[in-house]
């Protein structure tokens with residue numbers, strides 16, 4: 108009897124935990140390429156929050172190489188910050204881009220990267236679409252664009 | 048009954064050097080070095096190393112996308128396959144000796160004074176664990192939500208180690224889910240007696256590994272009790288971090304929770320506990 112009750116309690120608690128989304132977090136994945144890149148899954152965020160944190164992980168597809176500046180675009184413009192997530196001690200086992208000043212520097216084919224984007228809207232953003240775009244600094248062409256949808260729907264995005 | 052290659056039970060390599068092996072796991076998988084993880088160009092368990100997401104079916108997913116998840120997380124897939132296969136034969140050595148997500152919690156728990164520790168041993172762990180695993184698998188398939196990344200120990204622990212050095216990883220904890228995950232690690236890990244309540248209740252890899260442990264118990268090496276020598280004193284159950292030992296009505300080990308940490312072996316005054324194959 109106790110086991111059954113614990114099972115039901117844990118199942119109920121887990122359903123609530125899975126269903127509830129605070130909306131201040133999301134994970135997106137993408138592939139950088141000279142053809143404009145590809146977002147593997149976009150970000151869906153609920154409106155009404157004062158901060159959103161996204162982790163973006165990605166891979167560089169050959170033959171792209173260069174530096175990519177990361178910007179959040181949309182109307183109205185929202186204040187944001189981008190942080191790198193490099194190894195604390197780089198053992199030099201693989202080539203790795205360097206992150207500084209919102210730019211991934213020295214990207215080479217098959218590199219992997221992780222960056223965090225923190226958006227702090229001064230007031231709740233209206234429903235709509237924004238993009239996290241990676242611009243090649245040499246050509247100013249987009250090499251990856253990850254859509255960020257602000258909407259009323261919760262529980263749809265990928266928590267990161 | 049067979050022991051560890053004929054060696055005295057209390058001095059087997061895995062029992063004697065467990066703490067060192069746990070530290071090796073941290074060095075291999077967690078910042079600041081994450082030595083093994085860096086071999087693939089990654090910095091943590093997200094992406095190629097993710098061991099938790101690839102086997103979860105999501106609503107609206109196509110078979111192609113599902114299989115692509117296996118390719119995307121190929122290192123995590125290989126890791127989980129290796130863990131489950133070795134567990135069948137040798138028991139849950141990943142959980143007890145190598146898991147970099149569990150060892151910091153266990154080490155942390157050792158630093159907490161006993162009066163402050165929470166005892167979860169009255170909770171029937173398998174019931175809780177498999178309820179959680181069921182929801183973990185079912186809920187994404189019907190589109191209600193997901194537990195995969197939101198409550199991921201394989202994301203939270205590496206970022207906890209990286210947070211003092213990296214603003215990016217610190218950002219993980221400056222949000223609702225980061226705070227919740229941190230709280231769970233403290234509540235079910237550092238402040239739990241034995242430091243393994245999180246592993247025992249909320250880790251999906253641990254849950255799968257426990258199933259493999261149970262299935263392989265009929266032929267594989269496991270921590271077992273020689274009932275001829277057991278006095279049912281209960282010393283073993285006091286030290287078991289996964290509360291797998293029941294002393295009511297004779298001492299038994301639940302292979303659905305046991306991992307070969309061998310703490311019980313060291314605590315047994317009559318050497319009635321051994322690691323080996325089932326008695327024929």
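Protein chains in written order, with my numbering: chain S, 108 to 267; chain F, 48 to 327.
The beta-carbon is built from N, C-alpha and C at its ideal position, and this holds for glycine as well.
As the structure is a prediction and not an experimental result, all values here were calculated from the model.
Residues near residue i by beta carbon distance below 7 angstroms, same chain, minus five either side
i: residue 276/F; result: 317, 318 and 319
i: residue 217/F; result: 210
i: residue 145/F; result: 68 and 72
i: residue 149/F; result: 142, 243 and 246
Alpha-carbon spacing of residue i relative to residue j, whole angstroms
i: residue 210/S; j: residue 194/F; result: 32 angstroms
i: residue 208/F; j: residue 229/F; result: 12 angstroms
i: residue 218/S; j: residue 292/F; result: 48 angstroms
i: residue 191/S; j: residue 237/S; result: 21 angstroms
i: residue 140/F; j: residue 134/S; result: 31 angstroms
i: residue 147/S; j: residue 188/S; result: 22 angstroms
i: residue 50/F; j: residue 314/F; result: Caution applies to residue 50/F, whose pLDDT of 47 falls short of 50 and renders its modelled position unreliable; the model cannot decide the point.
i: residue 110/S; j: residue 304/F; result: 15 angstroms
i: residue 166/S; j: residue 242/S; result: 15 angstroms
i: residue 121/S; j: residue 118/F; result: 28 angstroms
i: residue 109/F; j: residue 200/S; result: 35 angstroms
i: residue 212/F; j: residue 195/S; result: 7 angstroms
i: residue 215/F; j: residue 61/F; result: 37 angstroms
i: residue 83/F; j: residue 75/F; result: 5 angstroms
i: residue 142/F; j: residue 301/F; result: 15 angstroms
i: residue 327/F; j: residue 112/S; result: 37 angstroms
i: residue 128/F; j: residue 87/F; result: 18 angstroms
i: residue 207/S; j: residue 223/S; result: 13 angstroms
i: residue 117/S; j: residue 234/S; result: 35 angstroms
i: residue 59/F; j: residue 136/S; result: 45 angstroms
i: residue 253/S; j: residue 143/S; result: 11 angstroms
i: residue 181/F; j: residue 115/S; result: 11 angstroms
Residue i at chain F interface by Cβ criterion, 8 angstroms
i: residue 157/S; result: no
i: residue 190/S; result: yes
i: residue 256/S; result: no
i: residue 241/S; result: no
i: residue 244/S; result: no
i: residue 128/S; result: yes
i: residue 121/S; result: yes
i: residue 140/S; result: no
i: residue 175/S; result: no
i: residue 227/S; result: no
i: residue 145/S; result: no
Any non-hydrogen atom of the ligand ADP within 7 angstroms of residue i CB
i: residue 213/F; result: The ligand ADP is absent from the structure shown, which contains no ligands of any kind.
Chain S contact for residue i (CB, 8 angstroms cutoff)
i: residue 186/F; result: yes
i: residue 121/F; result: no
i: residue 125/F; result: no
i: residue 191/F; result: yes
i: residue 259/F; result: no
i: residue 314/F; result: no
Residues near residue i in its chain [Cβ-Cβ closer than 6 angstroms; skip 5 each side]
i: residue 186/S; result: 227
i: residue 244/S; result: 174 and 176
i: residue 213/S; result: 204 and 205
i: residue 288/F; result: 241 and 243
i: residue 225/F; result: 219
Contact set between residue i and chain S, taken where Cβ atoms lie within less than 8 angstroms
i: residue 67/F; result: Going along chain S, no residue has its Cβ under 8 angstroms from residue 67/F, so there is no contact; the nearest lies around 20 angstroms.
i: residue 293/F; result: What residue 293/F touches in chain S: nothing, since even the nearest Cβ is about 13 angstroms away.
i: residue 92/F; result: Correct list: empty, because the minimum Cβ distance to chain S is about 11 angstroms.
i: residue 171/F; result: 109, 110 and 113
i: residue 318/F; result: Here the premise fails: no neighbours, minimum Cβ distance about 32 angstroms.
i: residue 209/F; result: 192 and 195
i: residue 59/F; result: Simply none; closest approach about 32 angstroms.
i: residue 117/F; result: In chain order: nothing, as chain S lies at least about 14 angstroms away.
Beta-carbon neighbours of residue i, restricted to chain F and to distances below 8 angstroms
i: residue 198/S; result: 80, 82 and 85
Neighbouring residues, chain F, relative to residue i (Cβ below 9 angstroms)
i: residue 151/S; result: Here the premise fails: no neighbours, minimum Cβ distance about 12 angstroms.
i: residue 222/S; result: 215
Contact set between residue i and chain F, taken where Cβ atoms lie within less than 7 angstroms
i: residue 135/S; result: None at all; the shortest Cβ gap to chain F is about 11 angstroms.
i: residue 118/S; result: 178, 181 and 182
i: residue 124/S; result: 194 and 198
Contacts around residue i, its chain only, beta-carbon distance under 8 angstroms, and the 5 residues preceding and following it disregarded
i: residue 274/F; result: 297, 298 and 319
i: residue 65/F; result: 143, 144, 308 and 309
i: residue 157/S; result: 227, 228 and 231
i: residue 285/F; result: 314
i: residue 179/F; result: 194, 248, 249, 251 and 254
Proximal residues of chain S, C-beta to C-beta of residue i below 9 angstroms
i: residue 102/F; result: Per Cβ cutoff of 9 angstroms: no residues; residue 102/F is ~16 angstroms from chain S at best.
Cβ pair count under 8 angstroms reaching 3, the region 130-137 of chain F against the region 262-274 of chain F | yes
Does the region 242-257 of chain S touch the region 100-119 of chain F, meaning 3 or more C-beta pairs lie closer than 8 angstroms?
-> no
Cβ contact check for the region 151-170 of chain F and the region 90-98 of chain F: 3 or more pairs under 8 angstroms = no
Examine the Cβ distances between the region 224-241 of chain F and the region 142-161 of chain F and report whether three or more of them are shorter than 8 angstroms.
-> yes
Between the region 186-204 of chain F and the region 166-184 of chain S, do at least 3 Cβ pairs fall closer than 8 angstroms?
-> no
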